[in-house]
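K.L.:
Take a look at the following structure, please.
Numbering (this note's numbering), first residue to last: 14 to 387.
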């Protein structure tokens, strides 16, 4: 597979960082720009030199996606380190490994500390957690590549505490300007939502309190969506499973073909497949689809989970930024003033040919770097 220019530049920069002794480096690519393809090629490069590669992720879907993309991109097959499956004794040089499995002391100590030459962390904004650090400290001699679309964390810890360098960053405005992601149009439909009584937990609003605050407005939101979302493939993010289910029924009452999916759904895969195939036009979820799910034809995002965490907001919006046939732009319906709070990208950056022009444009229109929607 031929890499795009920015993917090839990222690949080169990662190897350069390692060659210069910066053993733990970070790659930042926005959702939809092929971060898995880049680290698949990095893994292939390592295997060609005789090294073993471990790809770490915190969810089974991410491991399956990584293994599938590596096979399609490089032809290499991955072994699995998860639950009862082990890579020990396998002749495959790339392993996809569950953090929850590998962090267990008995499982970890079955390996020699130098067993893996390189460790790749998918969704690397999780890398500072205790479970990841336990694994990384054990394989302390390995080169490490962290890959993420959202390097900032909700708890405000800096990834620079662990990573030595940022090898390469490709921004959302660049990707839109270069034609690799679709344009975003934000439509603000403000609610007078009172969050004064909502408690905070780990740097963000408590989901239960948010659900209670949002509940009286769900009918109004469903009615407003009937004006904007007809003919669009829409994903709605909500704070609680109960809220998601209730809102799904309200949308059905408004005439939408809506479905709801959550971590407890036994038919989750079937619902997601039916949504992608067009059986449903709205998919409600309680924070399930922020990572590890791709449906390029999604062209409308509704965030009904207010958050103070910019990275979480970007993950939700990123579910709709991929290119697809007959998709002109992503409509971002903003009921909660999230585009005011979080900088996805500046309006000038979407239209300017370079950063200098974008900065000058922002100064002329009186916007010092904050995205305000349209």
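Even for Gly, the Cβ is constructed at its ideal location relative to N, Cα and C.
Might you give, ordered along the chain, the residues of its own chain that have their beta carbon closer than 8 Å to the beta carbon of residue 22, omitting 5 neighbours on each side?
P.N.:
Your numbering for residue 22 matches position 9 in the chain shown. Answer for residue 22: 181, listed in chain order.
K.L.:
Spatial neighbours of residue 308 within its chain, please: C-beta separation below 6 Å, excluding the five flanking residues on both sides.
P.N.:
Counted from its first residue, the chain shown places residue 308 at position 295. Excluding residues within five positions, the ones whose Cβ falls inside 6 Å are 289.
K.L.:
With distances taken Cα to Cα, identify the nearest neighbour of residue 321 among 208, 142, 201, 143.
P.N.:
In the chain shown, the residue the question calls residue 321 occupies position 308. Here the closest residue by C-alpha is 208.
K.L.:
Decide if residue 240 is buried, meaning its Cβ has at least 16 other Cβ atoms within 10 Å, or exposed.
P.N.:
As a first step, residue 240 is located in the chain shown; it is residue number 227 there, counting from the start. The residue in question, residue 240, is exposed, as its Cβ has fewer than 16 Cβ neighbours within 10 Å.
K.L.:
Is it buried or exposed for residue 143, if we count other Cβ within 10 angstroms and need 16 for buried?
P.N.:
Position 130 of the chain shown, counting from 1, holds the residue named residue 143. Residue 143 is exposed by the Cβ-count criterion.
K.L.:
By the DSSP assignment, the beta strand (DSSP E) with residue 202 in it spans what residues?
P.N.:
Sequence index remark: in the chain shown, residue 202 carries index 189 (1-based). Element bounds for residue 202: n/a, residue is neither H nor E.
K.L.:
Which residue comes first and which comes last in the beta strand (DSSP E) that contains residue 181?
P.N.:
As a working mapping, residue 181 is identified with position 168 in the chain shown. 178-182 is the extent of the beta strand (DSSP E) around residue 181.
K.L.:
Buried or exposed, going by whether 16 or more other CB atoms sit within 10 Å of the CB of residue 362?
P.N.:
As a working note, residue 362 is residue 349 in the chain shown. Because residue 362 sits at a pLDDT of 35, beneath the cut-off of 50, its placement in the model cannot be relied upon, and the following sentence gives the value as read from the coordinates. The residue in question, residue 362, is buried, as its Cβ has 16 or more Cβ neighbours within 10 Å.
K.L.:
Taking its Cβ as the centre, do 16 or more other Cβ atoms sit within 10 Å of residue 90, making it buried, or is it exposed?
P.N.:
Position 77 of the chain shown, counted from the start, is the residue given in the question as residue 90. Its Cβ having fewer than 16 others within 10 Å, residue 90 is exposed.
K.L.:
Just to confirm, is the Cβ distance from residue 324 to residue 163 under 8 Å?
P.N.:
Against the chain shown, residue 324 aligns to sequence position 311. Against the chain shown, residue 163 aligns to sequence position 150. At a Cβ-Cβ threshold of 8 Å, residue 324 and residue 163 count as neighbours.
K.L.:
How far does the beta strand (DSSP E) with residue 224 in it reach, from first residue to last?
P.N.:
As a position in the chain shown, residue 224 is number 211, starting the count at 1. Not the beta strand (DSSP E): residue 224 falls in the alpha helix (DSSP H), residues 220-227.
K.L.:
Can you tell me the Cα-Cα spacing of residue 246 and residue 77, whole angstroms?
P.N.:
Start at 1 with the first residue of the chain shown, and residue 246 comes out as number 233. Start at 1 with the first residue of the chain shown, and residue 77 comes out as number 64. For residue 246 and residue 77, the distance between alpha carbons rounds to 25 Å.
K.L.:
From the DSSP output, in three-state form, read off residue 111 for me.
P.N.:
Stepping through the chain shown from its first residue, residue 111 is reached at position 98. DSSP places residue 111 in strand when its eight states are reduced to three.
K.L.:
Going along the chain, which residues of its own chain have a beta-carbon closer than 7 Å to the beta-carbon of residue 340, five neighbours each way excluded?
P.N.:
Start at 1 with the first residue of the chain shown, and residue 340 comes out as number 327. Only 195, 310, 312 meet the Cβ criterion.
K.L.:
For residue 54, does the count of other Cβ atoms within 10 angstroms reach 16, so buried, or fall short, so exposed?
P.N.:
Against the chain shown, residue 54 aligns to sequence position 41. When all chains shown are included, residue 54 counts as buried.
K.L.:
Mind checking residue 338: buried by the 16 CB within 10 Å criterion, or exposed?
P.N.:
Counting from 1 along the chain shown, the entry for residue 338 is found at position 325. Residue 338 is exposed by the Cβ-count criterion.
K.L.:
Distance, Cα to Cα, residue 146 vs residue 243?
P.N.:
The residue labelled residue 146 in the question sits at position 133 within the chain shown. The residue labelled residue 243 in the question sits at position 230 within the chain shown. So the alpha carbons of these two residues sit roughly 46 Å apart.
K.L.:
For residue 188, count neighbouring Cβ atoms within 10 angstroms of its own Cβ and tell me buried if that reaches 16, exposed if not.
P.N.:
Along the chain shown, read from residue 1 onward, the residue named residue 188 stands at position 175. Classification for residue 188: buried.
K.L.:
From the DSSP output, which residues share a beta bridge with residue 298?
P.N.:
On the chain shown, residue 298 is found 285 positions in, with the first residue counted as 1. The partner list for residue 298 (beta bridge, DSSP) reads 250, 274.
K.L.:
For residue 336, name the three-state secondary structure that DSSP assigns.
P.N.:
Reading the chain shown from its first residue, position 323 is the one you call residue 336. In the structure shown, residue 336 sits in coil (DSSP, three-state: anything other than H, G, I, E or B).
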